[in-house]
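Numbered by mature numbering (1 follows the signal peptide of the UniProt record, and there is no 0), the letters in the sequence shown go through residues -23 to -1, 1 to 47 in order.
Just so it is clear, CB atoms sit at the ideal spot from N, CA and C, and this is done for glycine as well.
Working notes, structure below.
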Amino acid sequence: MKKRLIGLGTVVSGAIASASASAADPSAVTTALNSAVSTGQTNYGLVVVGLIAMGAIGFGLKSILGAMRT
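Next up, the structure:
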């Protein structure tokens, strides 16, 4: 069991080393991450605005229908 864990640790550390070596241009990665974060924030903002608008429309329709019943 101990030999297997040592072998697994060697494989994992080798994979991490090769992954860090393959990231040749960190500025491209940083640019891609910043772009993804910006897009996510824009999408989140649109969802929040949409939910607020739907709530306002629902409240308004309920108020109008309630006023028409009396």
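Just so you know, the alpha carbons of Thr47 and Ala33 end up roughly 22 Å apart. In the DSSP annotation of this structure, the continuous segment of the alpha helix (DSSP H) that includes Thr16 starts and ends at Pro3 to Arg46.
Distance between Thr16 and Val25, taken at the CA atoms: about 14 Å. Distance from the CA of Pro3 to the CA of Gly22, rounded to the nearest whole angstrom, comes to 29 Å.
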